[in-house]
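Engineer: Dumping the structure here so I can ask a few things about it.
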Amino acid sequence: MYRFLFFCAILCGVTNANKVEQVHLSLSGKMDEMVVTWLTQGPLPNVTPYVTYGLSKDSLRWTAKATTTSWKDQGSHGYIRYTHRATMTKMVAGDVYYYKVGSSQDMSDVYHFKQPDPSKELRAAIFGDLSVYKGMPTINQLIDATHNDHFDVIIHIGDIAYDLHDDEGDRGDAYMKAIQPFAAYVPYMVFAGNHESDTHFNQIINRFTMPKNGVYDNNLFWSFDYGFVHFVGLNSEYYAEKMTKEANAQYKWLQDDLSKNKLKWTIVMFHRPWYCSTRSAGGCDDPTDMLSRKGTNDLPGLEKLLKDYKVDMVFYGHKHTYERMWPIYDKVGYTLGDAGHIKNAKAPVYILTGSAGCHTHEGPSDTTPQSFSASRLGQYGYTRLKVYNSTHISTYFVDTDDKVGNFLDRFYLEKD
């Protein structure tokens, strides 16, 4: 229907093809920058897209030109979309900036954001497996929380929109429009899940702008520092898709990245879970999911690397539920002490947070609890992470089945 109206508009001499859509922010990896990305359905010939920004909505003093990527959807019609990316520079930590994007053809509304301040406590929302189908309660609560200044960054750990490429990419357009009320105000960071692997990750490569890794620079794995925390996003789909060259390149990059990290906390994220409770008595044991943990002769396993570099916490999704594990390494859980407040963990704490809202869902009654399982929940929702300082961080689950977002499974991780 959308394409029909689009061509009718052209015939009538009026078109929305150059209308600004799907505005969203992201971090570049440099704390004095902010990236903004948006999309148009048509090209902008002989026109320069840009962002204009400033410290007041009535005084947008600075301008940054955007680059444009034209890309073809993998659907049967091969529709072409146009992604525009601009970087705002020389930003001051803690300042509020106002901005709008577009071109002489069309400009967006004015949005605003607070430039990340690494001297303050970090507040993040982290989740996987979110769509506009069954996911709107979570999206709406993320919007409300964003406008109540509850987040510094939002991280989506794979399986976006279900699916970005469906309906000739119109599903992806609908999802990106639905999240714009939070993603235009707070950095929205993403990496691939299994639903993004179609046609060599075409949609996630072309719709988003993540920190460059110096290897492929295609949004599929990245890292950034924020205050006391080094965040790493990895692509577990290299393993599932048996992309040996890419998996080895990512491993080498990760080893180098972690070896250079000097921050107090390290948090790693990827899509496919290594440890969790499932219907199987053995828990998470899908051979495809285990590839990135164990490795093979051709694919380097990641678990030992994370342990060697003292990674503190791992987030993943894929299973449509919530579960927090005790510290665990090589299937051995360190289960002594208080499960709600762990100090000086001997291995990473794993959190499965894949219940933001999609086509299927699981709860505790659907799974067999594992010995290393500390908490299991059946509600739809997402995880909040708070980093207080160099010695304390906390997480809790936000139940978006509840209209006000009930907080569950409050957890503290402490280190000397």
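Residues -17 to -1, 1 to 399 in mature numbering (1 follows the signal peptide of the UniProt record, and there is no 0) are what the sequence shown lists, from first letter to last.
Every residue, glycine too, gets a C-beta built ideally from N, C-alpha and C.
Let me make sure I understand the geometry here. Which of Val370, Ile63, Val198, Ser86 has the alpha-carbon closest to that of Thr249?
Structural biologist: Taking the sequence shown and counting its residues from 1, one reaches residue 249 at position 266. For Thr249, the nearest C-alpha among the options comes from Val370.
Engineer: Hey, how far is the Cα of Asp313 from the Cα of Glu286?
Structural biologist: Within the sequence shown, residue 313 is the residue found at index 330, counting from 1. Within the sequence shown, residue 286 is the residue found at index 303, counting from 1. When rounded, the distance between both Cα atoms is 8 Å.
Engineer: With DSSP as the reference, label Ser206 as helix, strand or coil.
Structural biologist: Locating residue 206 in the sequence shown gives position 223, where the first residue counts as 1. DSSP places Ser206 in strand when its eight states are reduced to three.
Engineer: Please state the DSSP three-state secondary structure of Met17.
Structural biologist: If you number the sequence shown from 1, residue 17 lands on position 34. Strand.
Engineer: Tell me the DSSP bridge mates of Ser358?
Structural biologist: For the purposes of this step, residue 358 is taken as residue 375 along the sequence shown, with counting starting at 1. Looking at the DSSP assignment, Ser358 forms a beta bridge with Arg307.
Engineer: Assuming the contact rule is C-beta atoms closer than 8 Å, Ser377 and Glu306 should be a hit. Round their C-beta distance to whole Å, please.
Structural biologist: Numbered from its first residue, the sequence shown carries residue 377 at position 394. Numbered from its first residue, the sequence shown carries residue 306 at position 323. Between Glu306 and Ser377 the Cβ distance is about 17 Å, and since that is not below 8 Å, they are no contact.
Engineer: Quick one, are the C-beta atoms of Gln186 and Gly155 less than 7 Å apart?
Structural biologist: On the sequence shown, residue 186 is found 203 positions in, with the first residue counted as 1. On the sequence shown, residue 155 is found 172 positions in, with the first residue counted as 1. Yes, these two residues count as a Cβ contact at 7 Å.
Engineer: Which of the three DSSP states is assigned to Glu179 in this structure?
Structural biologist: Within the sequence shown, the letter at position 196 stands for residue 179. Reduced to three states, the DSSP call for Glu179 is helix.
Engineer: Assess, as a yes-or-no matter, whether the stretch 378 to 386 is touched by the stretch 277 to 294 under the definition of 3 or more beta carbon pairs within less than 8 Å.
Structural biologist: These segments do not touch.
Engineer: For Thr18 and Thr70, which I take to be in contact (beta-carbon distance under 8 Å), what is that distance rounded to the nearest angstrom?
Structural biologist: Your numbering for residue 18 matches position 35 in the sequence shown. Your numbering for residue 70 matches position 87 in the sequence shown. Per the sequence presented here, residue 18 reads as Val, with Thr not at that position. That pair is a contact at about 5 Å.
Engineer: What number of angstroms, rounded off, separates the C-alpha of Lys13 from the C-alpha of Gly61?
Structural biologist: In the sequence shown, counting from the first residue as 1, residue 13 sits at position 30. In the sequence shown, counting from the first residue as 1, residue 61 sits at position 78. Going by the C-alpha atoms only, they are around 35 Å apart.
Engineer: Less than 8 Å between the CB atoms is what I'm expecting for Lys83 and Tyr94, so what's the real figure, rounded?
Structural biologist: Counting from one through the sequence shown, the residue named residue 83 turns up at place 100. Counting from one through the sequence shown, the residue named residue 94 turns up at place 111. Yes, they are in contact, since the Cβ atoms of Lys83 and Tyr94 sit about 7 Å apart, within 8 Å.
Engineer: Checking 7 Å against the spacing of the C-beta atoms, do Tyr36 and Ala49 come in under that value?
Structural biologist: As a working mapping, residue 36 is identified with position 53 in the sequence shown. As a working mapping, residue 49 is identified with position 66 in the sequence shown. Going by C-beta atoms, Tyr36 is not nearer than 7 Å to Ala49.
Engineer: Kindly indicate the opening and closing residues of the beta strand (DSSP E) around Ala69.
Structural biologist: On the sequence shown, position 86 is the one that residue 69 refers to. Residues 63 to 71.
Engineer: Helix, strand or coil: which one does DSSP assign to Asp382?
Structural biologist: To locate residue 382, count along the sequence shown from 1; it is residue 399. Note: Asp382 maps to strand in three-state DSSP.
Engineer: On the CB-based measure, 16 or more other CB atoms within 10 Å of its CB, does Val332 come out buried or exposed?
Structural biologist: Position 349 of the sequence shown, counted from the first residue, corresponds to residue 332. Val332 comes out buried.
Engineer: If you run the structure through DSSP and keep just helix, strand and coil, what is Ile325?
Structural biologist: In the sequence shown, residue 325 corresponds to position 342, counting from 1. Note: Ile325 maps to strand in three-state DSSP.
Engineer: With Lys73 and Asp15 assumed to form a contact (beta carbons below 8 Å), what rounded beta-carbon distance in angstroms separates them?
Structural biologist: Numbered from 1 along the sequence shown, position 90 holds the residue referred to as residue 73. Numbered from 1 along the sequence shown, position 32 holds the residue referred to as residue 15. Lys73 to Asp15, Cβ: 6 Å. Contact.
Engineer: Among residues of its own chain, excluding the 5 on either side of Glu179, which ones have a beta-carbon nearer than 6 Å to its beta-carbon?
Structural biologist: The residue given as residue 179 occupies position 196 in the sequence shown. Ile187.
Engineer: Between the alpha carbons of Pro26 and His67, how many angstroms are there, rounded?
Structural biologist: Against the sequence shown, residue 26 aligns to sequence position 43. Against the sequence shown, residue 67 aligns to sequence position 84. Roughly 10 Å separates the two Cα atoms.
Engineer: According to DSSP, Glu4 sits in a beta bridge with which residue or residues?
Structural biologist: Position 21 of the sequence shown, counting from 1, holds the residue named residue 4. Answer by DSSP bridge pairing, in chain order: Leu22.
Engineer: With distances taken Cα to Cα, identify the nearest neighbour of Tyr209 among Pro347, Lys245, Gly323.
Structural biologist: Reading the sequence shown from its first residue, position 226 is the one you call residue 209. When only C-alpha atoms are compared, the closest one is Lys245.
Engineer: From Pro194 to Ala330, what does the alpha carbon distance come to, in whole angstroms?
Structural biologist: One-based indexing of the sequence shown puts residue 194 at position 211. One-based indexing of the sequence shown puts residue 330 at position 347. Their Cα atoms are separated by approximately 27 Å.
Engineer: Less than 7 Å between the beta carbons of Ala144 and Tyr158, yes or no?
Structural biologist: Walking along the sequence shown from the start, residue 144 turns up at place 161. Walking along the sequence shown from the start, residue 158 turns up at place 175. Their beta carbons are under 7 Å apart, which means Ala144 touches Tyr158 by this criterion.
Engineer: For Val136 versus Pro164, is the C-beta distance shorter than 7 Å?
Structural biologist: The residue labelled residue 136 in the question sits at position 153 within the sequence shown. The residue labelled residue 164 in the question sits at position 181 within the sequence shown. No, the pair does not count as a contact, with Cβ atoms beyond the cut-off.
Engineer: Just to confirm, is the Cβ distance from His303 to His254 under 7 Å?
Structural biologist: Numbered from its first residue, the sequence shown carries residue 303 at position 320. Numbered from its first residue, the sequence shown carries residue 254 at position 271. Result no, Cβ atoms of His303 and His254 do not sit closer than 7 Å.
Engineer: Could you tell me whether the stretch 344 to 353 touches the stretch 271 to 285, where touching means 3 or more Cβ pairs closer than 8 Å?
Structural biologist: No, the stretch 344 to 353 is not in contact with the stretch 271 to 285.
Engineer: Grab me the residues of Asp89's own chain with a C-beta within less than 6 Å of its C-beta, minus the 5 sequence neighbours each way, in chain order.
Structural biologist: As a working note, residue 89 is residue 106 in the sequence shown. Within the same chain, Asp89 has close Cβ partners Asn1, Lys2, Val3.
Engineer: Sorted by chain position, which residues of the same chain lie with C-beta nearer than 6 Å to Val297's C-beta, five sequence neighbours on each side aside?
Structural biologist: Within the sequence shown, numbered from 1, the residue matching residue 297 stands at position 314. Taken in chain order, the residues that qualify are Val251, Pro331, Tyr333.
Engineer: Return the residue from the list Phe191, Phe174, Arg190, Asp239 that minimises the CA-CA distance to Ser219.
Structural biologist: Mapped onto the sequence shown, residue 219 falls at position 236. Ser219 has its Cα closest to that of Phe174, out of Phe191, Phe174, Arg190, Asp239.
Engineer: Output the boundary residues of the beta strand (DSSP E) element that contains Gly216.
Structural biologist: On the sequence shown, residue 216 is found 233 positions in, with the first residue counted as 1. It spans 212 to 216 - the beta strand (DSSP E) in which Gly216 sits, taken as one unbroken run.
Engineer: Reducing DSSP to helix, strand and coil, say where Asp149 ends up.
Structural biologist: As a working note, residue 149 is residue 166 in the sequence shown. Three-state result, Asp149: coil.
Engineer: Report all residues from its chain with a CB closer than 8 Å to the CB of Tyr81; omit the five preceding and five following residues, and keep chain order.
Structural biologist: One-based indexing of the sequence shown puts residue 81 at position 98. Here the set comprises Tyr36, Gly37, Leu38, Ser39, Lys40, Leu43, Val93, Tyr94, His95.
Engineer: What does Ser39 pair with, by DSSP beta-bridge criteria?
Structural biologist: For the purposes of this step, residue 39 is taken as residue 56 along the sequence shown, with counting starting at 1. Beta-bridge pairing links Ser39 to Ser42.
Engineer: Of all the options His375, Asn389, Ile325, Leu335, which has the alpha carbon lying nearest to the alpha carbon of Arg106?
Structural biologist: Mapped onto the sequence shown, residue 106 falls at position 123. Residue His375 is the option with its Cα nearest to Arg106.
Engineer: Can you name, in chain order, every residue of its own chain whose Cβ lies under 6 Å from the Cβ of Thr46, other than the five neighbours on each side?
Structural biologist: Translated into the one-based positions of the sequence shown, residue 46 becomes position 63. Closer than 6 Å at the Cβ level, and outside the excluded window around Thr46, lie Tyr33, Thr35.
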